[in-house]
Each structure stands twice: as C-alpha cells, then as structure tokens.
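Chemist: Numbering (my numbering), first residue to last: 31 to 494.
Ideal Cβ positions, reconstructed from N, Cα and C, are used throughout, including at glycine.
Computed from a prediction, not measured in an experiment: that's the story for all the values here.
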Amino acid sequence: MAKGNKTVFVCSNCGYDSPKWSGKCPVCDSWNSFTEHVNRKTTLSGSEFKSLNGIDASCAIRLNEVSGYEDARIDLCEAELNRVLGGGLVKGSLVLLGGEPGIGKSTLILQTVVQLTGIRVLYVSGEESARQIKLRAERLSTNNPELITKNENLFILCETSIENILEHIKECKPELIIIDSIQTMSTEMADSSAGSITQVRECASLLLKFSKRSGIPIILIGHITKEGSIAGPKILEHIVDTVIQFEGDQHYHYRILRPIKNRFGSTSELGIYEMRQNGLKQVNNPSELLLSEIHKEMSGVAIASVIEGARPFLIETQALVSTAVYGTPQRSAIGFDYRRLNMLLAILEKRAGFKLGQKDVFLNVTGGLRMSDPAIDLSVISAILSSNLDIVINRSLCMAGEIGLSGEVRPISRIEQRIEEAKKIGFKQIIIPKSNLNSLGKNIPGIEIIPVGKVEEAFRQIFG
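#1: In terms of alpha-carbon separation, which member of 340, 320 and 341 lies closest to residue 333?
#2: Using three-state DSSP, classify residue 300 as helix, strand or coil.
#3: Do residue 222 and residue 228 have their CB atoms nearer than 8 Å?
#4: Go ahead and label residue 363 buried or exposed: buried means 16 or more other beta carbons lie within 10 angstroms of its beta carbon, across all protein chains shown.
#5: With H, G and I counted as helix, E and B as strand and the rest as coil, what does DSSP make of residue 373?
#6: DSSP has residue 153 in a bridge; who is on the other side?
#7: Throw me the rounded Cβ distance for the residue 310 and residue 285 pair, which I believe falls under 8 Å.
#8: For the beta strand (DSSP E) holding residue 253, just list the boundary residues, first then last.
#9: When the distance is taken between beta carbons, is residue 429 closer than 8 Å to residue 336?
#10: Consult DSSP for residue 316 and reduce its assignment to one of helix, strand or coil.
#11: Considering only the alpha carbon of each residue, which of 420, 365 and 422 lies closest to residue 403?
#12: Less than 8 Å between the C-beta atoms of residue 437 and residue 479, yes or no?
#13: What's the gap between the Cα of residue 246 and the Cα of residue 394?
#14: Would you say residue 38 and residue 49 are within 8 Å of each other, going by their C-beta atoms?
#15: Hey, residue 170 and residue 308 are a contact pair by Cβ (cut 8 Å); roughly how many whole angstroms apart?
#16: Keeping to the same chain, check which residues put their C-beta closer than 6 Å to that of residue 122; ignore five residues upstream and five downstream.
#17: Compare the C-alpha of residue 433 against each of 373, 144 and 302 and name the closest.
#18: Please determine, among 398, 94 and 359, the residue with the shortest C-alpha to C-alpha distance to residue 386.
#19: Evaluate residue 165 with the Cβ neighbour count: other Cβ atoms within 10 Å of its Cβ, from every protein chain shown; 16 or more gives buried, anything less gives exposed.
#20: Under 8 Å between the Cβ atoms of residue 124 and residue 238?
#21: Which residues in the same chain as residue 172 place their Cβ atom closer than 8 Å to its Cβ, once the five residues preceding and following it in sequence are excluded?
#22: Mind listing, in chain order, the continuous beta strand (DSSP E) runs of no fewer than 3 residues lying wholly within the stretch 95-172?
#23: Run through the stretch 395-444 for me and flag every whole beta strand (DSSP E) of 3 or more residues, listed as ranges in chain order.
#24: If residue 354 and residue 389 are in contact, beta carbons under 8 Å, what's the gap, nearest whole angstrom?
#25: What does residue 466 pair with, by DSSP beta-bridge criteria?
#26: Which residue from 446, 230 and 331 puts its Cα closest to that of residue 411?
#27: Would you mind reading off the limits of the alpha helix (DSSP H) that contains residue 231?
#28: If you measure between the beta carbons of residue 152 and residue 139, is that distance less than 8 Å?
#29: What residue from 174, 185 and 226 has the CA that sits closest to residue 201's CA?
#30: With DSSP as the reference, label residue 270 as helix, strand or coil.
#31: What are the start and end residues of the alpha helix (DSSP H) that includes residue 179?
#32: Using 10 angstroms around the beta-carbon of residue 135, count the other beta-carbons present and answer buried if the total reaches 16, otherwise exposed.
#33: Under a three-way DSSP split, which group does residue 360 fall into?
#34: Per DSSP, what kind of secondary structure is residue 488 in: helix, strand or coil?
#35: If you reduce the DSSP assignment to three classes, tell me which class residue 453 lands in.
#36: Could you compute how far the alpha carbon of residue 129 sits from the alpha carbon of residue 60?
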C-alpha cells in the first residue's frame, strides 16, 4: 500500500466509517454492512484552488474584515427557484438538488442555465453525451430557439473524474458549475466504484473545498433511494449548504421544490412547477390550477385554504363514502395522512354522531400534492359528510380549520393570508375557527367570514 493511504471500513447502509471491521454497525444497527475501502492521500493542494478568483482562504482573518454576501447572489432567471434559494444563488455555495429518477431534475437545471446568457456556466454530465444534452436543450427552447444559438457562455463537459473536472474548470473559468449527477462522479482518493458511499462523500468534500476557496457556486444533482432519502451517506446533506427536494408524482403534471436545509435562506418557501411537453413551467397562481370546474354540482367536494411553506393557496379535497360490500370497511387516502383520516372519522362518530364504521371512505387531494397543513381537517370531514349525505357544498364557500379530539375547531396560523387568497380567487364565504377572530384584527371587505367553534356549528353552516 502506498505511503499515506489509509484503510477504513465503511457501513454501506449509513456511511459510518471505522478503523476496524465490525459485525454490527453501532449507528444504524445493521449486520454485515462494513466493507473495506482504501482512502488515498489527496494530491490536490489548497494552492490549486486559490488562483481562480484570487481568494486566499488558507490563513485566518478577522470577522469584521470579511465581506458579506448580501450583494453576491446570482439571479437564476427562475422566480420559483430563486424563491426557494432565498433570493438567488449565493456565490461560493454548494447546493444539492435531489429527487426521484425521471422527476425532472436535469430538465429544471438545464432550462435554467440556458437562460443565463450573462454568466459562464459549466454543465458537467456523467450520464448523458453532449449531443443528448443539445437535443434536450432544443426541445426545452422550442418557444425561443435563439437562446441556444446566441448563448456562448454555456459549456458542456462529459466527464466523471473529479480531478479531470477541476483541470477543465481552471481552463474554462466558469462562474457557475452544474454536476449531473454526483452519484456518477469518482475520485482517485477512493478505490471503490462510482456511486458508492465513499466516492459520493469524497467527491462532495472536494467540490465543497473548491467552491468555498474559489467563490464559484456549484449545483449538485442527486438521486434519492426507495426510502425517499438522498442516495449516498447522510453526511452528504451535512456537507452541502442547501438541500432542495424536487417532489411530485410522475402521473401528475405538478412538481414541488421544497428546501430541506438552507444556510442562506428560509426552509419554509415552496416552488411549484407544471410539467409540460416543452419543459417545466412556473406556476405563479396554483389555486386556479388546483381547483376544477367540473365538480360544481357533485357531492363529496370541499375547498380548503391551506399554506405550504410560505405560500397560501386553495386546494380541492374529494371524498367518496359507500357501504362496505365485504363487511370490512376500507380506508384509503391519497395526498393526506392515513392515520389522521382514521382519527377524523373517529371524531365524526364520537362527537358528531355520524355512523361511518360500516362504510368505505376514500379521500383524495387533487393535483397529486401531499398536504401537511392541519388546517385542511375541516374540509376533509366536510367532504366526507357531503358524500355520505349526498349534499353538494356551495362552491363559493371555502374553509380552514384544525379539528381537535373533542370536536373543537382549533385556531390556525396566518389566517389573514388564507382569507386574502380565498378573496382573490373569488370565494364569497370562508369558515374559520372562532379563536382566530381576535388575531384577525379587522374585517376584510369582499368576503364573508364565518367563525365556528365546534364541528357541529360548521356542519350547520355548510349543510343547513
């Protein structure tokens, strides 16, 4: 073994490393998961990184001498992506964009960098050839083909070796780097194959060191596992500055950008896209798209005013209640927590006196979105009763409220934003918790506010 090389044993399940082999991982308790890896001493010195922007990060400096990043954000020309990042891409930051294969990660990044004609961008692909990337860029730019012909600042590099990529970076001198994907990259510092835990961790560490010392932002594209976590060790999420999850069901058109971690902004923001034939389109007003017009005279449909991240919007909840054919009632929920659905059904039976124990209940949140806002509770039970009683809910009425175990309608946060969104869409009435009247502070003209304290009061207002 060469001098300076070190043998470690790495858990293939969680990424924990140990100087000696063990039958059981002390972190994740998995058995026989340790594999032997040789970490070679790096041949990349800090001086190789300091020459690009003249930034010397090898010595200590005073905090008051460090320049801030307030004016050092890069506008990505994508309002939704800028919002999720906190106002743009911070120089010297390392961003990880994760999502399921085929969800649209590469499409989102490629259509974004094609528009950046004012800065030099290096797009490093380890999965596609340059011709494949060109064909996809042309498909995404069908409405404006001049973006590709006139963009002389977008460079494509098909390479998987980190050492070779860093050499090309010194020649190209880009202002933004895209790595697609981090699971295809490898370094000579580790003997394992590309995509292994050791390779992903070492490649990410090298790119982090380069990004911080050169001031060049890097966006990493990463896949997620079947369990929903980003492929590779959990430490990868600790290495990067920002982790963004690209979510959505491939059978629906909508995609959601959700920040999990952001050192330079809030994690409560949310970006919504619609997948189309020629790429992803930003959804500026999701309420209008998530509300269908074909269910105006159908029972089992209720409208909820919810907040996901920092954005309020109106969403449609649909329910179907029928008699259990086989004796054992079925419960099914799409876009809503199954356990919370069972709790709400128990509240309806115990507190409101509706017998649903021998009936099948199916619930669906439209658009393929998954709601975590508890304010959707009131619309869920209203849609269930509407289907059970076969009574149509007035389409000019929406609602927002969390349901407690005693049947009370509990207060919710940011009530003014919910009411303003309902008013903007055109709703005439909104049901809110009575406890929120004190925090409301003022009447909002143009929409009738109906406060309720119990589920019985809400049902009287909805069904008469």
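Modeler: Put simply:
#1: Residue numbering aside, residue 333 sits at position 303 when the sequence shown is read from its first letter. Residue 320 is the option with its Cα nearest to residue 333.
#2: Counting from 1 along the sequence shown, the entry for residue 300 is found at position 270. Of the three classes helix, strand and coil, the one that applies to residue 300 here is coil, per DSSP.
#3: Counting from 1 along the sequence shown, the entry for residue 222 is found at position 192. Counting from 1 along the sequence shown, the entry for residue 228 is found at position 198. Contact flag set, yes.
#4: The residue you call residue 363 lines up with position 333 of the sequence shown. Flag for residue 363 reads buried.
#5: Counted from its first residue, the sequence shown places residue 373 at position 343. Helix at residue 373.
#6: By 1-based counting over the sequence shown, the position of residue 153 is 123. Its beta-bridge partners are 186 and 208.
#7: Here residue 310 corresponds to residue number 280 of the sequence shown, with the count starting at 1. Here residue 285 corresponds to residue number 255 of the sequence shown, with the count starting at 1. So it is a contact: roughly 7 Å between Cβ atoms.
#8: As a position in the sequence shown, residue 253 is number 223, starting the count at 1. It spans 248-253 - the beta strand (DSSP E) in which residue 253 sits, taken as one unbroken run.
#9: For the purposes of this step, residue 336 is taken as residue 306 along the sequence shown, with counting starting at 1. For the purposes of this step, residue 429 is taken as residue 399 along the sequence shown, with counting starting at 1. Going by C-beta atoms, residue 336 is not nearer than 8 Å to residue 429.
#10: Here residue 316 corresponds to residue number 286 of the sequence shown, with the count starting at 1. Helix at residue 316.
#11: Here residue 403 refers to the residue found at position 373 of the sequence shown. Residue 403 has its Cα closest to that of 365, out of 420, 365 and 422.
#12: Locating residue 437 in the sequence shown gives position 407, where the first residue counts as 1. Locating residue 479 in the sequence shown gives position 449, where the first residue counts as 1. Contact flag unset, no.
#13: On the sequence shown, position 216 is the one that residue 246 refers to. On the sequence shown, position 364 is the one that residue 394 refers to. One C-alpha to the other measures close to 44 Å.
#14: Position 8 of the sequence shown, counting from 1, holds the residue named residue 38. Position 19 of the sequence shown, counting from 1, holds the residue named residue 49. Cβ atoms of residue 38 and residue 49: closer than 8 Å.
#15: Position 140 of the sequence shown, counted from the first residue, corresponds to residue 170. Position 278 of the sequence shown, counted from the first residue, corresponds to residue 308. Yes, they are in contact, since the Cβ atoms of residue 170 and residue 308 sit about 6 Å apart, within 8 Å.
#16: Taking the first residue of the sequence shown as 1, we reach residue 122 at position 92. Excluding positions up to five away in sequence, the list reads 241, 242 and 245.
#17: As a working mapping, residue 433 is identified with position 403 in the sequence shown. Selected option, being the one with the closest Cα: 373.
#18: The residue you call residue 386 lines up with position 356 of the sequence shown. When only C-alpha atoms are compared, the closest one is 359.
#19: Taking the first residue of the sequence shown as 1, we reach residue 165 at position 135. Residue 165 should be labelled exposed.
#20: As a first step, residue 124 must be located in the sequence shown, where it is residue number 94. As a first step, residue 238 must be located in the sequence shown, where it is residue number 208. Their beta carbons are under 8 Å apart, which means residue 124 touches residue 238 by this criterion.
#21: Here the question's residue 172 lines up with position 142 in the sequence shown. So the list reads 308, once near-sequence residues are dropped.
#22: 124-129 and 151-155
#23: Those beta strand (DSSP E) runs which fall completely within the stretch 395-444 and span 3+ residues are 427-429.
#24: For the purposes of this step, residue 354 is identified with residue 324 of the sequence shown, where counting begins at 1. For the purposes of this step, residue 389 is identified with residue 359 of the sequence shown, where counting begins at 1. Right, their Cβ atoms sit about 6 Å apart.
#25: For this step, residue 466 is matched to residue 436 along the sequence shown. In the DSSP output, where bridge partners are listed per residue, residue 466 has none listed.
#26: As a position in the sequence shown, residue 411 is number 381, starting the count at 1. Residue 411 has its Cα closest to that of 331, out of 446, 230 and 331.
#27: Stepping through the sequence shown from its first residue, residue 231 is reached at position 201. Residues 227-244.
#28: Locating residue 152 in the sequence shown gives position 122, counting from the first residue. Locating residue 139 in the sequence shown gives position 109, counting from the first residue. No, the Cβ-Cβ distance between residue 152 and residue 139 is not below 8 Å.
#29: For the purposes of this step, residue 201 is identified with residue 171 of the sequence shown, where counting begins at 1. Of the candidates 174, 185 and 226, the one whose C-alpha sits nearest the C-alpha of residue 201 is 185.
#30: Here residue 270 corresponds to residue number 240 of the sequence shown, with the count starting at 1. DSSP places residue 270 in coil when its eight states are reduced to three.
#31: The sequence position of residue 179 within the sequence shown is 149, counting from 1. That run of the alpha helix (DSSP H) goes 176-180.
#32: Your numbering for residue 135 matches position 105 in the sequence shown. Classification of residue 135: buried, given that the 10 Å Cβ count is 16 or more.
#33: Taking the first residue of the sequence shown as position 1, residue 360 is located at position 330. DSSP places residue 360 in coil when its eight states are reduced to three.
#34: If you number the sequence shown from 1, residue 488 lands on position 458. Residue 488 falls in the helix class under three-state DSSP.
#35: To locate residue 453, count along the sequence shown from 1; it is residue 423. Secondary structure at residue 453: helix, using DSSP grouped into helix, strand and coil.
#36: Within the sequence shown, numbered from 1, the residue matching residue 129 stands at position 99. Within the sequence shown, numbered from 1, the residue matching residue 60 stands at position 30. Roughly 25 Å separates the two Cα atoms.
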